[in-house]
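Residue numbers (UniProt numbering): 1 to 257.
Right, here's the structure in full:
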């Protein structure tokens with residue numbers, strides 16, 4: 001039997017796109033989208049433009065995002081797999097690039113599209129609260145915190161710094177931890193407050209478990225920050241713990257007097 005040839009023709013090479021487990025066309029040919037996929041995409045776009053996001057379930061809205069990243073493939077199966085893995089639309093957008101790439105059919109293009117939309121959502125929600133008085137934008141503030149933190153897989157600690165009129169002047173992420181712990185240093189919290197000229201602050205952190213009930217460590221840490229801030233005439237207004245679907249306010253729930 002003759003040994004296998006070391007030279008293969010171009011047509012026999014197994015070419016695959018990074019974000020789609022199917023052959024790509026040979027250079028010089030025109031990619032053709034199957035008519036049933038083309039029609040489906042046209043119908044989805046039309047429904048979105050006429051009825052908005054409310055007209056589409058999560059998997060179809062996710063399909064719209066995947067169209068650009070995977071132009072020559074039916075993306076509905078991938079959209080459903082992503083939702084099965086990460087729970088809902090927000091969970092997919094918030095998933096880390098590493099975890100997303102564990103999914104079959106997800107490559108750099110898909111991750112990029114998802115992360116662009118996530119960044120846009122964060123900036124939009126932040127624009128609704130930065131530079132505004134907290135009293136008049138409290139619900140927008142909670143929405144912002146949920147948008148940016150409720151689906152995180154690790155604990156994140158941030159501080160919202162306010163001026164004398166309780167206007168939000170700075171939103172600082174001071175620490176990121178593990179699934180169940182985040183290191184926080186009261187001195188750093190107060191030091192940053194002095195640097196930005198804050199008169200008050202609101203602490204915010206998330207519980208990846210989904211349950212926002214404060215732990216003993218949360219309560220002790222809040223007390224230490226309140227004492228450090230008070231020594232420099234900075235008031236601690238609240239500490240908000242973000243869960244999957246709800247939040248706990250230290251002030252409203254009696255943990256902070």
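Just so it is clear, CB atoms sit at the ideal spot from N, CA and C, and this is done for glycine as well.
field: Reference residue 74; option with closest CA among 92, 42 and 90
entry: Comparing alpha carbon positions, the residue from 92, 42 and 90 closest to residue 74 is 42.
message: Less than 7 Å between C-beta atoms, sequence neighbours within five positions excluded: which residues of the same chain meet that for residue 53?
response: The beta carbon of residue 53 lies closer than 7 Å to those of 61 in the same chain, with the five residues before and after it left out.
message: Given a cut-off of 8 Å on the beta-carbon distance, is the pair residue 184 and residue 170 in contact?
response: Result no, Cβ atoms of residue 184 and residue 170 do not sit closer than 8 Å.
message: Per the DSSP calculation, residue 249 is bridged to which residue(s)?
response: Under DSSP, residue 249 shares a beta bridge with 240.
- prompt: So, using beta-carbon positions, are residue 142 and residue 182 closer together than 8 Å?
  reply: Result no, Cβ atoms of residue 142 and residue 182 do not sit closer than 8 Å.
- prompt: Taking the alpha carbon of residue 57 as the point to measure from, which residue in 90, 136, 113 and 35 has its own alpha carbon closest?
  reply: Among 90, 136, 113 and 35, the Cα nearest to that of residue 57 belongs to 90.
query: Nearest-angstrom Cα distance between residue 124 and residue 115?
result: So the two alpha carbons sit approximately 14 Å from each other.
- request: Please name the residue, chosen from 94, 47 and 107, that lies closest to residue 121 on a Cα-to-Cα basis.
  value: Residue nearest to residue 121 within the set 94, 47 and 107 is 94 (criterion: CA-CA distance).
query: With respect to the beta strand (DSSP E) encompassing residue 195, which residues constitute its N-terminal and C-terminal limits?
result: It is not in any beta strand (DSSP E) - residue 195 instead sits in the alpha helix (DSSP H) that spans 186-196.
query: Using the C-alpha atoms, what's the distance from residue 193 back to residue 219?
result: For residue 219 and residue 193, the distance between alpha carbons rounds to 20 Å.
Three-way DSSP call (helix, strand, coil) for residue 151 in this model: Residue 151: coil per DSSP, three-state reduction.
task: For residue 215, I'd like the list of residues in its chain whose CB is within less than 6 Å of its CB, leaving aside the five on either flank, ordered along the chain.
output: Take residue 215, set aside five residues on each side of it, and no residue of its chain has a beta-carbon closer than 6 Å to its own.
field: Per-residue DSSP class, three states only, for residue 206
entry: Residue 206 falls in the strand class under three-state DSSP.
- request: Quick one: give me the first and last residue of the beta strand (DSSP E) that residue 171 is part of.
  value: Per DSSP, residue 171 belongs to the beta strand (DSSP E) from 168-176.
message: Quick check: the region 145-159 against the region 192-206, are at least 3 beta-carbon pairs closer than 8 Å?
response: Enough Cβ pairs lie closer than 8 Å, so yes.
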